[in-house]
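Here's the structure we're looking at; comments come further down.
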Amino acid sequence: MATVQMPNPFAQVPSLGPERPVVWPARTHRKLANGLEVVLVESHTIPKFTGELYFRSGNAAAAAKAPGLAEITATVVRTGTEKRSSRQIEEDLRRIGADVGTSAGADTSAIGFNGLTEFSTDLLELVAELAHQASFPADEFERERRQMIEGLRIARTTPSFLASERMRRVLFGAHPYAIIAPTETQVKEYRLGQLVEYYRAYYTPSNALLIAVGDFASLQMMEQIERIFGSWKAATVPVVPDTTLPEFHGRRVHLVHLPESVQTQLVVANHAITRKHPDWLRLALANSIYGGAFNSRLIINIREQKGYTYSPRSGVHALRQHGYFSVNAAVRNDVVAASLTEIFYEIDRMRSVAVAEDELSDARTYMSGVFSLGLATQDGLASQLSTVYLNELPESELETYRQRVRALSAADVLAAARAFFDSANAQIIVVGDRGQIGDQAGLFGEVTEYSAEPE
């Protein structure tokens, strides 16, 4: 019997179609009399709305007094107001089919929310209560503090956390950005009054940005917001101090000894730029080609070709006052030196030779596509808008993004790599068992050893 040859459906991959135009919804942007900045965008795909109330202060604002204070403050804010207990909040949210969450990072604290548009008044009134009438129940504070301590105990056994902690301390020195988490002792020393003090200082409309995207009429929504938030009293916000960052002259290795670790966490990092820098888009494209995308050079090299690691990645990280570039990989103990060799080989190749046109075209398409996908949901659009307004970028930032990406050239990528991939002065963090990796790490610079225990 003759064998029937079936056609291979993947023999010819169809070419990409033309990029679809983005139809941008109308945007309403204004500032209330008390200083609250409001951005509204109509999106009528589903009968819901999504929002975020940002405060332009986070853990960096209180690092000198109590590291991590903004984080635990945000958590306890969610647990009660002058009008509602924690249980009442949960019952009210279930009744209207809504969600509310709080969070804090280095530079911002936030109250996020989403729900059905028909209950927008109820939801916004709850958000307003959390923003300026939080009650800080003592029992909820104690519970959240215990949970924070348990989370830190787990984190301190994780190589990726230890590597990030050491990297930030190395790059930022005396700056508040150097601290990514408090110690267990520092959390035990928190006092409820510190949370209240932070809340009163930074949760103020003159320090706030409210973004909402959803199925509403902007005029009516703005009137609703002004009615609910307009009586909120403004206050002067303390300025976060900016300190001089450490300067590096040559590569240094920072080894965090984690006894009997079965693999090693590697980080290579250097200072970079903030989101407001004119070269940000060039650097983002260079990073995508180097190690920021799944088909990037770093992944093809040390994952696909050599099998040293499963998930290497690079990133450009923009904080408000400073930024940094980093490369991360968890590798087998026996290939630490080999992995670092390839990491630097790919960095130096980016700095030495212009990227080919086909690779450049793929990277531009990838960045444009990821951006477009990020606009497909209410959450995604709200997130993109927050980048614009929290970083004080031009109003046209989103509308012109894809056009500006397509205009980037190989020369732009080469210039960004040479300026911001600081191979000669990169700081190398390795977390693992000293006995298995110490000699390998020493090949790349003078080694300073640290304990995995908090300082």
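If you read the sequence shown in the working numbering, its first letter stands for residue 51, the second for the next number, and so on. Virtual Cβ for every residue (Gly too), placed ideally from N, Cα, C.
Proximity of Ala111 and Pro288 at Cβ, strictly below 8 Å: Yes, they are a contact pair.
Quick one: grab the DSSP three-state call for Phe494. Correct three-state label for Phe494: helix.
Beta-carbon separation (whole angstroms), Leu108 vs Ala181, contact threshold 8 Å: According to the sequence as given, residue 108 is Gly; it is not Leu. About 16 Å separates the beta carbons of Gly108 and Ala181, which is beyond the 8 Å limit, so they are not a contact pair.
Can you pull the DSSP bridge partners for Gly162? The partner list for Gly162 (beta bridge, DSSP) reads Glu102, Gly151.
Could you tell me which residues DSSP puts in a beta bridge with Asn320? In the DSSP output, where bridge partners are listed per residue, Asn320 has Phe375.
Considering only residues of the same chain and omitting the five flanking positions on each side of Leu305, which have a CB-CB separation below 6 Å? Once the five neighbours on either side are set aside, the close Cβ partners of Leu305 are Val480, Ala491, Val497, Glu499.
In this structure, what does DSSP give as the bridge partners for Thr314? Its beta-bridge partners are Val381.
Starting from Val89, trace the beta strand (DSSP E) in both directions and tell me its first and last residue. Secondary structure note for Val89: its beta strand (DSSP E) is the uninterrupted segment 87–92.
Would you report the Cα separation of Met217 and Lys283, rounded to the nearest angstrom? Their backbone Cα atoms lie some 40 Å apart in a straight line.
Span of the beta strand (DSSP E) holding Gln477? Element bounds for Gln477: 477–482.
What are the boundary residues of the beta strand (DSSP E) that Leu305 is part of? The continuous beta strand (DSSP E) containing Leu305 extends over residues 302–307.
Buried or exposed for Glu392, going by 16 or more other Cβ atoms inside 10 Å? It is buried - the Cβ of Glu392 has at least 16 other Cβ atoms within 10 Å.
Could you round the C-beta distance between Ala432 and Glu102 to whole angstroms and report it? I think they count as a contact, below 8 Å. The Cβ separation is near 6 Å, so the contact holds.
His182, enclosing beta strand (DSSP E) - first and last residue: No beta strand (DSSP E) holds His182; the alpha helix (DSSP H) holding it covers 170–182.
Exposure of Phe60, with buried meaning 16 or more beta-carbon neighbours within 10 Å: Confidence at Phe60 is low in this model, with a pLDDT of 48, below 50, so its placement is unreliable and the value that follows should be read with caution. Around the beta carbon of Phe60, a 10 Å sphere encloses fewer than 16 other beta carbons of the protein chains shown; the residue is thus reported as exposed.
If we count Cβ pairs, one from each stretch, closer than 8 Å, do we get three or more for the region 453–468 versus the region 308–324? With the cut-off at 8 Å, the region 453–468 and the region 308–324 do not touch.
Terminal residues of the alpha helix (DSSP H) in which Lys238 lies: Segment 234–238, the alpha helix (DSSP H) holding Lys238.
Per DSSP, what kind of secondary structure is Phe60 in: helix, strand or coil? Confidence at Phe60 is low in this model, with a pLDDT of 48, below 50, so the placement of that residue should be treated as unreliable; the coordinate-derived value is given next. Looking at Phe60 - three-state DSSP - the assignment turns out to be coil, as it is neither helix nor strand.
Return the CA-CA distance between Thr379 and Phe211, expressed in angstroms with no decimal places. As written in the sequence, residue 379 is Ala, which differs from the Thr given in the question. Computed Cα separation, rounded: 13 Å.
The alpha helix (DSSP H) spanning Ala120 covers which residue range? 119–127 is the span of the alpha helix (DSSP H), which, as asked, contains Ala120.
Minimum Cβ-Cβ distance from Met271 to chain C less than 8 Å: Of the protein chains in the structure, only one exists, and it is not chain C.
Which first and last residues belong to the beta strand (DSSP E) in which Ala113 is found? For Ala113, no beta strand (DSSP E) run applies, since DSSP gives it neither H nor E.
Counting Cβ pairs, one atom from each stretch, are 3 or more of them under 8 Å apart for the region 86–101 and the region 435–445? As far as the Cβ criterion goes, the region 86–101 touches the region 435–445, which means the pair count is three or higher.
Are there 16 or more other CB atoms within 10 angstroms of the CB of Lys81, so buried, or fewer, so exposed? Lys81 should be labelled exposed.
What separation, rounded to the nearest whole angstrom, lies between the Cα atoms of Gln138 and Val312? Roughly 47 Å between the two C-alpha positions.
If we count the other Cβ atoms within 10 Å of its Cβ and call it buried at 16 or more, is Trp74 buried or exposed? Trp74 counts as exposed, since fewer than 16 other C-beta atoms from the protein chains shown sit within 10 angstroms of its C-beta.
Work out the CA separation of Val126 and Lys98 for me, nearest whole Å. One C-alpha to the other measures close to 27 Å.
Tell me the rounded alpha-carbon separation between Arg144 and Phe169. Approximately 12 Å between the Cα atoms of the pair.
Closest to Pro226 by CA distance: which of Arg347, Tyr374, Ala156, Asn441 is it? Checked all of Arg347, Tyr374, Ala156, Asn441; the closest Cα to Pro226 is Ala156.
Based on Cα-Cα distance, which residue from Ser418, Val463, Asp472, Val237 lies nearest to Thr450? Nearest C-alpha to Thr450: Ser418.
Just to confirm, are Ile96 and Ala178 a CB contact at a threshold of 8 Å? No; because the gap between Cβ atoms is not below 8 Å, this pair is not in contact.
Could you have a look at Thr131 and say whether DSSP puts it in helix, strand or coil? Thr131 falls in the strand class under three-state DSSP.
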